[in-house]
Structure formats: C-alpha cells, structure tokens
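Here's the structure we're looking at; comments come further down.
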Amino acid sequence: MDLILLAAGAGSRLGGDTPKALVAVRGKTLLDRVIDRSGASHIVVVTGYNHDQFEHYRDNAVIDLVYNPFWETTANIVSLCLGALRVDGDFLVVNGDTAFASDVYGRVWSGSGTRVAVSRKHAYDADDMTIHDDRGLIAAVAKGLPQPTGEACGLVRADHKFHCALERLWKKGHLGRHWPHVMNGVLGARAVEVAHDEWCEIDTPDDVQRMEDLGL
Numbered sequence: 500m501d502l503i504l505l506a507a508g509a510g511s512r513l514g515g516d517t518p519k520a521l522v523a524v525r526g527k528t529l530l531d532r533v534i535d536r537s538g539a540s541h542i543v544v545v546t547g548y549n550h551d552q553f554e555h556y557r558d559n560a561v562i563d564l565v566y567n568p569f570w571e572t573t574a575n576i577v578s579l580c581l582g583a584l585r586v587d588g589d590f591l592v593v594n595g596d597t598a599f600a601s602d603v604y605g606r607v608w609s610g611s612g613t614r615v616a617v618s619r620k621h622a623y624d625a626d627d628m629t630i631h632d633d634r635g636l637i638a639a640v641a642k643g644l645p646q647p648t649g650e651a652c653g654l655v656r657a658d659h660k661f662h663c664a665l666e667r668l669w670k671k672g673h674l675g676r677h678w679p680h681v682m683n684g685v686l687g688a689r690a691v692e693v694a695h696d697e698w699c700e701i702d703t704p705d706d707v708q709r710m711e712d713l714g715l
C-alpha cells in the first residue's frame with residue numbers, strides 16, 4: 500500500500516520550529532505513528548517548512564521524501580500533486596498533523612473507490628473541513644458548509660476517480676485550494692465512520708494534551 504503524508508506546513512500555532520509531523524508525543528512523532536500503524540509499504544512524505552529536520556528518515560526503507568518548494572505560497576493541494584507523482588494506483592493520503600488509532604487506516608483502505616474518514620459531532624468550528632453526505636455518499640466538502648453532516652478527518656483512500664479529479668484541478672490552476680476539495684469532483688466517494696476518540700488533529704498545545712489523554 501502507498502501512502503502520501505502531507506507535512507509541508509509550518510504549524511505556527513504550536514510554536515517552536517518543529518514541523519507538526521515531527522511533534523513528539525510520549526516519545527514518538529506523528530510520522531512515527533503513521534509508519535507503525537498504517538501498514539503502508541511506501542510512504543511519500545511531502546515536506547516544506549524546515550524540511551532538513553526530516554533528513555534522518557531517509558534511512559527508513561519505506562520513506563520517500565519529496566520537498567515542496569512552493570509550500571509558503573500555495574495550498575496543500577500542490578503537495579498532494581507532487582506526492583501523487585511518486586505512486587501508482589490507489590493510495591492513502593493523510594494530513595501530517597493528524598493521529599489515528601491503528602485500525603482506522605485499514606477501515607479506510609478496505610473496499611474500493613474513494614473512501615473518506617469522517618467524524619460526527621453536534622457542532623462544527625469554522626476551521627473544520629465539513630462535509631455533506633447522504634447515507635454515506637459524499638455530496639460536498641468545504642470549510643463552513645451550512646448544516647454539515649460531518650467533518651473530513653484528513654485521511655482518504657484515493658482511487659482513479661480521485662486522481663483524475665486532482666489532475667483536473669491542477670490543470671485549471673486551482674493551487675490555492677486545500678486538498679480535500681478534490682472530493683467535490685469524485686462521484687461516489689463514501690464516508691467511513693471514525694469515532695471522536697479514534698483521531699486527533701494537532702494544531703495547538705491543547706491538542707497535544709488531548710492526544711495524550713486519548714492514548715493516541
């Protein structure tokens with residue numbers, strides 16, 4: 500299984516100069532957790548901010564480091580495009596600032612087609628990548644959707660339809676979009692339910708504490 504980890508962002512809300520994918524919780528970085536839990540045999544790590552801090556991972560046989568020189572001026576859809584050049588066939592894509600329980604990767608990967616990790620809650624923040632879905636079929640993905648039915652967690656199984664939708668956005672020059680917008684061009688993308696305590700996005704020191712509390 501191929502996996503693309505998007506790890507180019509600076510993560511300014513965390514403070515310090517460590518890329519978020521290299522933030523250590525209980526002695527293991529978020530990237531280490533992906534290596535240990537995903538089951539991927541080939542992990543493309545797309546870096547940007549302080550990319551030199553990833554260099555020691557070159558010694559790991561499953562890691563393929565790709566530098567995004569445009570990380571400061573474009574959205575992470577460019578990182579995804581650069582990573583997609585290094586894989587063939589279906590792949591997983593995951594945000595580098597997110598931790599998942601071990602079996603979530605397998606649930607998203609199993610089956611066929613584009614599959615989107617989705618979490619449900621009573622209220623959504625302006626920064627959440629919200630979705631509309633109808634009985635599990637994804638109809639729309641964007642921040643700030645009215646009356647959202649869930650939140651895209653930043654983990655997707657990408658198939659040929661996803662790859663084609665990504666290529667269309669690239670050719671149209673939509674380089675300022677976040678990569679989950681690709682799902683808006685994928686007919687038949689399906690939601691995979693992820694419980695609230697099975698994942699955690701790391702944006703602030705409080706999120707690091709929540710991740711510790713959840714045992715992720």
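Heads up, the sequence shown stops at 715 in this note's numbering, and the numbers go up one at a time, no gaps. Think of the CB as a built atom: it goes at the ideal place given N, C-alpha and C, for glycine as much as any other residue.
Query, Result
"DSSP state of E452 mapped onto helix, strand, coil", "Only positions 500 to 715 of the chain appear in the structure, and residue 452 is not among them; the question remains open."
"Residues of its chain near A651, where Cβ-Cβ distance is below 8 Å and the 5 sequence neighbours each way are ignored", "V615, A616, V617, M628, T629, I630, V640, P679, M682"
"Reference W698, options F661, E711, A688, D531, closest by Cα", "E711"
"Other residues of its chain near D563: CB distance less than 8 Å, five sequence neighbours each side excluded", "H541, I542, V543, V544, R585"
"Uninterrupted beta strand (DSSP E) stretches inside the stretch 616-696 (no shorter than 3 residues)", "628-633, 636-642, 649-657, 689-692"
"Supposed close pair L686, K660 - CB separation, criterion 8 Å", "7 Å"
"Exposed unless 16 or more other CB atoms sit within 10 angstroms - verdict on D706", "buried"
"7 Å Cβ cutoff met for N594 and L505", "yes"
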